[in-house]
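A short write-up of the structure that comes next.
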Amino acid sequence: MGRAPCCDKANVKKGPWSPEEDSKLKDYIEKYGTGGNWIALPQKAGLKRCGKSCRLRWLNYLRPNIKHGEFTDDEDRIICTLFASIGSRWSIIAAQLPGRTDNDIKNYWNTKLKKKLMAMNAQSDLLNNTNLTNNSSLIQTPESLFSHMQYHPMRDNFLMFGGEPSCSSSDGSYGKEMKQEDHMGFQGFGASLDYGTNNGVNQWIQKQSGYSGECPLDYNLEDVKRLISSNNNSFFIDENDTQDKAMYCYYY
DNA sequence: AAAGGGTCCAACCGCGGTCGC
DNA sequence: GGCGACCGCGGTTGGACCCTT
1 MGRAPCCDKA NVKKGPWSPE EDSKLKDYIE KYGTGGNWIA LPQKAGLKRC
51 GKSCRLRWLN YLRPNIKHGE FTDDEDRIIC TLFASIGSRW SIIAAQLPGR
101 TDNDIKNYWN TKLKKKLMAM NAQSDLLNNT NLTNNSSLIQ TPESLFSHMQ
151 YHPMRDNFLM FGGEPSCSSS DGSYGKEMKQ EDHMGFQGFG ASLDYGTNNG
201 VNQWIQKQSG YSGECPLDYN LEDVKRLISS NNNSFFIDEN DTQDKAMYCY
251 YY
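Numbering-wise, full-length UniProt numbering puts 109 at position 109 of the first sequence, and it's gapless, one number per residue.
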């Protein structure tokens with residue numbers, strides 16, 4: 001049995017919001033707040049909308065200090081780094097970008113930023129990766145502000161490389177091919193990605209613990225900006241180093 | 001000018017988490 | 001502890017707009 005609907009779907013308006021509806025919602029919330037109950041809010045505000053729809057409209061469009069328009073290079077860097085570090089946790093990423101909403105960032109990533117990074121990959125000279133074998137599935141990004149990221153076509157995802165590599169194969173050595181029981185990780189900004197076996201399934205696993213034991217959420221915006229803007233800090237290794245480490249990373 | 005395809009983004013949907021009873 | 005109601009999140013969709021032919 002499914003959950004009961006949060007509203008009478010037959011009597012709620014759907015689709016784009018009109019300026020009148022925006023005005024009603026904005027006026028009501030500015031006067032009375034949300035009252036901690038979005039389900040009851042539309043009725044009180046005189047709106048024929050679902051509470052969830054009101055909440056979304058307020059959070060993504062009407063609330064004060066929402067920033068619209070182009071994303072800056074700084075914001076790009078923050079999004080890329082956090083995405084590589086924590087994945088599609090848009091609300092957490094949005095928390096580091098004042099004025100941006102998770103929906104905004106999600107849309108921006110899906111429609112622009114991801115393509116931007118993939119285009120960079122396409123431009124990169126794959127011959128630079130001659131250290132990699134032909135069956136490698138990792139493509140390194142060119143030297144750029146995103147140089148610490150690599151696109152993984154088979155996962156349709158970006159991985160970030162930096163910090164100290166950790167690789168513990170079953171035989172205790174760095175292997176050129178990963179075995180089922182191998183375990184391999186790259187510690188990056190505040191978190192790390194591990195390739196290993198989880199319940200018999202080979203997969204990349206996001207480790208909770210990160211560099212120096214710190215969690216990404218322990219950083220405020222200024223910290224993030226400072227860390228990302230510095231190419232020589234301890235979180236990111238240099239290009240040559242990255243290439244060396246990439247040698248050991250093969251898709252199983 | 002019109003048609004078709006591509007892009008973008010606001011909004012919706014469904015699910016997991018949380019909270020109060 | 002179980003249950004229901006609500007919140008918040010991430011994935012997906014629909015349609016408006018733009019671009020190309």
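Note that CB positions come from ideal geometry on N, CA and C, so glycine has one too.
In this structure, Asp22 keeps its C-beta atom at 8 Å or more from the C-beta atom of Leu47.
Inside the UniProt domain "Myb-like" (9-62), DSSP marks whole alpha helix (DSSP H) runs of 4 or more residues at positions 19-32, 41-45, 51-57, from first to last along the chain. DSSP places Asn103 in the uninterrupted alpha helix (DSSP H) bounded by 102-108. In this model, Trp58 and Lys24 are separated by some 11 Å (Cα to Cα).
In the three-state reduction of the DSSP assignment, Phe71 falls in the coil class, being assigned neither a helical nor a strand state. In this structure, Leu113 sits away from Gln96, with a CB-CB distance that is not shorter than 8 Å. The count of Cβ pairs closer than 8 Å, one atom from the region 89-103 and one from the region 65-75, reaches three, so the stretches are in contact. Around Thr34, the same chain offers Leu41 as residues with beta carbons nearer than 7 Å, after the five sequence neighbours per side are excluded. Considering only Lys44, Ile39, Asn60, Gln43, the residue with the shortest C-alpha distance to Gly51 is Ile39. The three-state secondary structure of Leu82, taken from DSSP, is helix. Inclusion of Trp90 and Ile105 in the CB contact set at 8 Å is warranted, their separation being smaller than that value.
The beta carbons of Lys13 and Arg55 sit no closer together than 8 Å.
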